[in-house]
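Heads up, the thing below is written out as structure tokens.
2 protein chains.
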Amino acid sequence: MRPLRQEPIELAPGVTLWRRIADELEQAIALGTYKAGERLPGEVEIAARFGVNRHTVRHALAELARRGLVRAARGSGTYVEPARLSYPIGARTRFSEIVGSAGRDPEGRLIGHGQEAATPDIARRLDLKAGDPVVRLEILRTADGLPLCYTTSWLPAKFAANAARIFRARRSITATLAYFGIKDYRRQSTRITAGAADALDAERLQLSPGRAILIIDSINVTPNGTPVLTNRSRFAADRVELVVES
Amino acid sequence: MRPLRQEPIELAPGVTLWRRIADELEQAIALGTYKAGERLPGEVEIAARFGVNRHTVRHALAELARRGLVRAARGSGTYVEPARLSYPIGARTRFSEIVGSAGRDPEGRLIGHGQEAATPDIARRLDLKAGDPVVRLEILRTADGLPLCYTTSWLPAKFAANAARIFRARRSITATLAYFGIKDYRRQSTRITAGAADALDAERLQLSPGRAILIIDSINVTPNGTPVLTNRSRFAADRVELVVES
DNA sequence: TTTTATTTGTCCGTATGTATA
DNA sequence: GTATACATACGGACAAATAAA
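Going line by line, the protein sequences match chains A and B.
Residue 312, in my numbering, is where the first sequence stops; the numbers in between run on with no holes.
Residue 312, in my numbering, is where the second sequence stops; the numbers in between run on with no holes.
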């Protein structure tokens, strides 16, 4: 625990006290005064340093928790959450390369699969007819054991009926597509929205229901434009930052 | 009010009744059976058509509301929300062009501004020293009167001290930069995260606190690489879909 | 302006199947 | 095998907001 320097806060006009304190703490985290996993000083201590009431500090900490910067543990303290992983979104983003080059240990695990009839939406994405058989893979991706996202992938069953078995052996979508003779592919389109985590998201991503998630829909095609794979990924918004390559 | 065709639902194995009904309603909206702004049949009527209890319909409607597809109004009915606006994210995205080409009426209104000292983060983005003066503009952007996002823009005060006055006259960031002699600029970097709407977001974007928002940080540079503008935009996630150009 | 009917929101309850400890 | 917890589904009653008469 590092000491905060004594810093009686001057109130800027129109800015609330708790927000000022939240900003100060955020900056201290950004500057590395408090590092990921470290414990912040206790609420009473922070309050004393800034010369404010403990409730004001609680308000500021609640704001930081809401934004995913810190996590309060009752009876223990308030801890700095790890910084968001920068996740490039481009034509050839491959999960294991991204996470690996950030110095963290990537893992992609198949947590479910099945064969089903394409919904109108999936059929449109894969250039099939509604009702055509497709294979669905559910893949949970973690970095250093912490879930970052899970992806639902659909492939035409026409050529990929046993995709689940292949993925389990090869542990990579790229390698699975290669098995089916698809040596190269690229993202044709990427659409990003956001929402709140439902119970399933919360369980799989190990976060509390209602927290923000980023939803990325993509369509992947071969070099000659044939769609071979469409994904819907759900990211824990607190843990990633999507970087658009341009 | 259009009639739903009588459709006693057959229960697929492992799929709950309320989710089946939510899917049916979602598809009806996607197919245009119910259009944006239209009122769905009442809960009791839907329940009768599907042959289920009203609570089961309520569960399904709550799911659609959570995903931003419909909005319930007590005493009045449940209404279809407008489809998400596709918002391209690229090197030269200009709000008015995007919204205008979607056939909707764009407006950007200055709702606040000021001159302040650059925080370490803002200084880094604009290649300044911490404490250097910067101009901050708060711009609310709407389509057909509905708020889509609000953007906090920072420009070096060195050349843009009166940016607020210029923006108010020219009503466009591009035109404002042109006034300062910057004829062209492009996005150097774009970072996307998500979070929950706080009270300020909710008020400015006219949505309920806690709903999902998309946060986009960007840095804009001249053709020779000098940073001239950095933005933090907060989008109502229910109302837009970011499309990555590739 | 007042009344009335409609519609969503919030309770109370019951029963059943399923997964977990 | 038993007990517990949880989600699902159904039934009813009333409150609160809205809209129309």
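Using N, Cα and C, we set each Cβ at its ideal position, and we do this for glycine too.
Asked	Found
Along chain B, which residues have their Cβ under 9 Å away from the Cβ of residue 279/A?	260 and 278
Taking its Cβ as the centre, do 16 or more other Cβ atoms sit within 10 Å of residue 152/B, making it buried, or is it exposed?	exposed
Taking the continuous alpha helix (DSSP H) assigned at residue 225/A, which residues delimit it?	223-226
Does DSSP put residue 124/A in a helix, in a strand, or in coil?	helix
Around the Cβ of residue 186/B, are there at least 16 other Cβ atoms within 10 angstroms (buried) or fewer (exposed)?	exposed
Check the Cβ of residue 285/A against every Cβ in chain B and list those closer than 8 Å, keeping chain order.	Going along chain B, no residue has its Cβ under 8 Å from residue 285/A, so there is no contact; the nearest lies around 11 Å.
Which of the three DSSP states is assigned to residue 283/B in this structure?	strand
So which residues of chain A does residue 186/B contact, with C-beta pairs closer than 8 Å?	93, 96 and 97
I'd like to know whether the C-beta atoms of residue 250/A and residue 222/A end up nearer to each other than 9 Å.	no
Answer with yes or no whether the minimum CB distance from residue 134/B to chain A is below 9 Å.	yes
Are the C-beta atoms of residue 303/A and some chain B residue less than 9 Å apart?	yes
Should residue 174/A go down as buried or exposed, given a rule of 16 or more other Cβ atoms within 10 Å for buried?	buried
Within the same chain, show all residues whose beta-carbon is closer than 6 Å to that of residue 271/B, passing over the 5 residues directly before and after it, in chain order.	213 and 302
Under three-state DSSP, which class holds residue 246/A?	coil
So the candidates are 210/B, 219/B and 224/B; which of them puts its Cα closest to the Cα of residue 195/B?	224/B
My guess is that residue 105/B and residue 143/B are in contact by the Cβ rule of under 8 Å, so how many angstroms apart are they, rounded?	4 Å
With DSSP run on the structure shown, which of helix, strand or coil describes residue 109/A?	helix
Which residue spans inside the region 259-312 of chain A form an unbroken beta strand (DSSP E) run of at least 3?	278-287, 293-302 and 306-310
Could you list the residues in the region 243-256 of chain B with a C-beta less than 9 Å from some C-beta on chain A, going in chain order?	252, 253, 254, 255 and 256
Among 165/A, 275/A and 156/A, which residue has its Cα nearest to the Cα of residue 207/A?	165/A
DSSP three-state label for residue 118/A, please.	coil
Would you list, in chain order, the members of the region 111-133 of chain B that have their beta-carbon closer than 9 Å to a beta-carbon of chain A?	129, 132 and 133
Identify the contact partners of residue 307/A in chain B, using a Cβ-Cβ distance below 8 Å as the criterion.	257, 258 and 259
Tell whether a beta-carbon distance below 9 Å holds between residue 191/B and residue 296/B.	yes
Name the chain A residues whose beta carbon is nearer than 7 Å to that of residue 155/B?	310
Does DSSP put residue 81/B in a helix, a strand or coil?	coil
Is the region 114-132 of chain B touching the region 81-93 of chain B, taking contact as three or more C-beta pairs under 8 Å?	yes
Compare the C-beta of residue 150/B against all C-beta atoms of chain A and say whether one is closer than 9 Å.	yes
For residue 92/A, which of helix, strand or coil comes out of DSSP?	helix
Any beta carbon from chain B within less than 9 Å of residue 264/A's own beta carbon?	yes
Taking the alpha-carbon positions, what's the residue 240/B to residue 181/A distance?	50 Å
Smallest Cα separation from residue 202/B: which of 215/B, 209/B, 193/B and 183/B?	183/B
Give the range of the beta strand (DSSP E) segment to which residue 234/A is assigned.	Here residue 234/A belongs to no beta strand (DSSP E); instead the alpha helix (DSSP H) covers 229-236.
Between 254/A, 129/A, 91/A and 137/A, which has its C-alpha nearest residue 274/A's C-alpha?	137/A
Less than 9 Å separating the beta-carbons of residue 280/A and residue 259/B?	yes
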